[in-house]
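A quick write-up on the structure given underneath.
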Amino acid sequence: MRVNNIPNVRTCIAPLTEDVTVETQDTFASWPKETHNTSATKADACTVDVLIVGGGPAGLEAAVQAAKQNAKVLLVDENQQLGGQLIKQTHKFFGSKQENAGTRGVTIAKELEETVQDHTGIELLLESTVIGFYEDTSSDYFTFAVSKRKGYESSIVKVQAKTVIFAVGAMENMLLFPGNDLPGVYGAGAVQTLMNVYGVKPGNHVLMVGAGNVGLIVSYQLLQAGILVDRVVEAAPIIGGYHVHAAKLRRCGVPIYTRHSIKEIIGSDHVEAAVVVRLDENWQEIPGSEKTIECDTVCLAVGLTPSTRLLSQMGVKMYTIAEAGGFVAIHDDYMQTSVPGVFVAGDNSGIEEASTAMIEGKIAGVAAAIQTGKTSTKQAKELLDIFASELASLRAGPFGEKPRIAKQKIQTFWRKNQ
Ligand SMILES: Cc1cc2nc3c(=O)[nH]c(=O)nc-3n(C[C@H](O)[C@H](O)[C@H](O)COP(=O)(O)OP(=O)(O)OC[C@H]3O[C@@H](n4cnc5c(N)ncnc54)[C@H](O)[C@@H]3O)c2cc1C
Numbered sequence: 289m290r291v292n293n294i295p296n297v298r299t300c301i302a303p304l305t306e307d308v309t310v311e312t313q314d315t316f317a318s319w320p321k322e323t324h325n326t327s328a329t330k331a332d333a334c335t336v337d338v339l340i341v342g343g344g345p346a347g348l349e350a351a352v353q354a355a356k357q358n359a360k361v362l363l364v365d366e367n368q369q370l371g372g373q374l375i376k377q378t379h380k381f382f383g384s385k386q387e388n389a390g391t392r393g394v395t396i397a398k399e400l401e402e403t404v405q406d407h408t409g410i411e412l413l414l415e416s417t418v419i420g421f422y423e424d425t426s427s428d429y430f431t432f433a434v435s436k437r438k439g440y441e442s443s444i445v446k447v448q449a450k451t452v453i454f455a456v457g458a459m460e461n462m463l464l465f466p467g468n469d470l471p472g473v474y475g476a477g478a479v480q481t482l483m484n485v486y487g488v489k490p491g492n493h494v495l496m497v498g499a500g501n502v503g504l505i506v507s508y509q510l511l512q513a514g515i516l517v518d519r520v521v522e523a524a525p526i527i528g529g530y531h532v533h534a535a536k537l538r539r540c541g542v543p544i545y546t547r548h549s550i551k552e553i554i555g556s557d558h559v560e561a562a563v564v565v566r567l568d569e570n571w572q573e574i575p576g577s578e579k580t581i582e583c584d585t586v587c588l589a590v591g592l593t594p595s596t597r598l599l600s601q602m603g604v605k606m607y608t609i610a611e612a613g614g615f616v617a618i619h620d621d622y623m624q625t626s627v628p629g630v631f632v633a634g635d636n637s638g639i640e641e642a643s644t645a646m647i648e649g650k651i652a653g654v655a656a657a658i659q660t661g662k663t664s665t666k667q668a669k670e671l672l673d674i675f676a677s678e679l680a681s682l683r684a685g686p687f688g689e690k691p692r693i694a695k696q697k698i699q700t701f702w703r704k705n706q
């Protein structure tokens, strides 16, 4: 959107102020008619051992571990609050005690945030986005530009880092169908943010698309907020999420239709209804099976894609691995990519869970600190072995099958490239 004449503002993370002018922006931005108050001329600068991009569970754990190994850490996140996806997860986590089972995502985020804030070796930069990597052959450090916001104003910070850990998470997938750009069509993450972070109802009558864990959990949270969930449609022949979540929904009278998808939205300037359709074994629409569902909100919970643009910019070797959610960086057992000193952790290294993101973060944090030479390699390596075996046991169960395959493929590509 264009906010107070400034183009390209991400209004989902920009704070609202009095008398603000917000305009829609179609395709490319045009230059502001008058000069706005972005002070990007004078860059602040800092130099660190480890730059961590992203303050979700992976980035927070990476920061703690790297700092514990005596590295000077800078943790950058674009939001006002640390925690990444966890700040909207009001449900209790599933799995074993080791996976934080029984603890709410928001509580895990709070605990990690407190640990990070108590650590003197970690500097925090919130409401700040790492916007680019700049090659500088005259230096042994990686050079990044960070856009630091204050309201709608921004300034640039130049960060030089010996090593960098990308823990930037993932982006929600969208679906192509007529009307998918109308107000009332949301990604499940946006619905969660509105309800669970800001206490705002996204609508009153919802069609949920996707019966993975995200679709099921968000449907239940919508019901808890007093919103009618008409049904869940799922293109696959089976429900992808945990059956305990599906059973809860069914007990509340919400039907789940597998082999069904959304065909189009009815409405001229907002969602008034949606047409759903049955699919055959080849995922093709069955003519005549269309059904019009009255609703004002369509929520898409159709998976995530790892965020890898900064990694691509740095020339890291990447491959498309379906089980990882798309295009991902290949990396070694210690999360180091094909560019020495560049590490990944969490959803941007393959879509998985907060539990595994945290352990990958720990591994990347220790490994990056070793790379900087700030720690005793023998002792740190023992820690790495402990974290690696925790990670293997987390992925050992039936729900770990997809990430297990994804990581095996990543390792195979890694070995081929050595
Ligand atoms: C509805 C739902 C329920 C879930 N339930 C569970 C569960 O029960 N158990 C479980 O283990 N997992 C669960 N998950 C999954 C879990 O939330 C994610 O796997 C986890 O949050 C990934 O952590 P991350 O640190 O990799 O990324 P994120 O949590 O996405 O954090 C990435 C952070 O990086 C920031 N960022 C991105 N780009 C930049 C940039 N250029 N500059 C600065 N900052 C940037 C982002 O804004 C974000 O804050 C659930 C997810 C959803 C959506």
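According to the numbering used here, numbering within the sequence shown proceeds without interruption in unit steps and concludes at 706.
Quick reminder that beta carbons are idealized off the backbone N, C-alpha and C, glycines included.
The structure displayed is predicted, hence computed values, not measured ones.
| query | If you measure from the CB of His619, is any heavy atom of ligand 1 nearer than 8 Å? | reply | When distances are taken from the beta-carbon of His619 to the heavy atoms of ligand 1, even the shortest one reaches 8 Å or more.
| query | Taking 8 Å as the cut-off, does the CB of Phe381 come closer than this to any heavy atom belonging to ligand 1? | reply | yes
| When you compare only the Cα positions, how much space is there between Lys669 and Tyr508? | 43 Å
| query | Does DSSP put Ser677 in a helix, a strand or coil? | reply | helix
| If you draw a straight line from the alpha carbon of Ala534 to that of Ile419, how long is it in whole angstroms? | 40 Å
| message | Suppose you measure from the CA of Ser643 to the CA of Pro594; what does that come to, to the nearest Å? | response | 17 Å
| message | Using 9 Å as the threshold, is the C-beta distance between Asn636 and Gly457 below it? | response | yes
| said: Whole angstroms are fine: how far does the CA of Val364 sit from the CA of Phe687? | reply: 31 Å
| Does DSSP put Ser664 in a helix, in a strand, or in coil? | DSSP, reduced to helix, strand and coil, places Ser664 outside both helices and strands of the structure shown, so it counts as coil.
| query | When the distance is taken between beta carbons, is Thr585 closer than 9 Å to Gly491? | reply | In this structure, Gly491 sits near Thr585, with a CB-CB distance shorter than 9 Å.
| message | Considering Cα atoms alone, identify which of Cys583, Gly344, Tyr530, Val542 is closest to Ile550. | response | Cys583
| field | Cα-Cα separation between Leu413 and Thr608, rounded to whole angstroms | value | 32 Å
| Opposite Leu339 in the DSSP bridges: which residues? | Paired residue(s): Leu362, Val452.
| Backbone secondary structure at Phe465 - three-state DSSP | The three-state secondary structure of Phe465, taken from DSSP, is coil.
| query | Using the rule of at least 16 other Cβ atoms within 10 Å of the residue's Cβ for burial, across every protein chain shown, is Ala684 buried or exposed? | reply | exposed
| query | Near Gly477, what residues of its chain come up, given a Cβ to Cβ distance below 6 Å and the 5 sequence neighbours on each side ignored? | reply | Here the set comprises Glu460.
| message | Does the region 335–354 come into contact with the region 445–453, if we say contact requires no fewer than three beta-carbon pairs (one atom in each stretch) closer than 8 Å? | response | yes
| said: Three or more C-beta pairs under 8 Å: does that hold for the region 432–444 against the region 549–567? | reply: The answer is no - the region 549–567 does not touch the region 432–444, with fewer than three Cβ pairs under 8 Å.
| message | What I want to know is whether the C-beta of Ser416 ends up closer than 8 Å to one or more non-hydrogen atoms of ligand 1. | response | yes
| task | Along the beta strand (DSSP E) that carries Thr417, what are the first and last residues, could you check? | result | Note, Thr417: beta strand (DSSP E), 416–422.
| said: Am I right that Ala656 and Val632 are in contact with their C-beta atoms under 8 Å? What's the rounded C-beta distance? | reply: Between Val632 and Ala656 the Cβ distance is about 11 Å, and since that is not below 8 Å, they are no contact.
| query | Where does Asp518 fall in DSSP's three states? | reply | strand
| said: Taking the straight line between their C-alpha atoms, what separation do you get for Asp568 and Leu537? | reply: 25 Å
| Contacts around Gly614, its chain only, beta-carbon distance under 7 Å, and the 5 residues preceding and following it disregarded | Thr593, Pro594, Thr608
| request: Quick one: grab the DSSP three-state call for Gly439. | output: coil
| field | CB of Val542 within 9 Å of CB of Val506, strictly | value | no
| task | Tell me whether Glu402 sits in a helix, a strand or coil according to DSSP, three-state version. | result | Glu402 carries a helical assignment under DSSP once its states are collapsed to helix, strand and coil.
| Does the beta-carbon of Pro303 have 16 or more other beta-carbons within 10 angstroms, so that it is buried, or is it exposed? | So Pro303 ends up on the exposed side.
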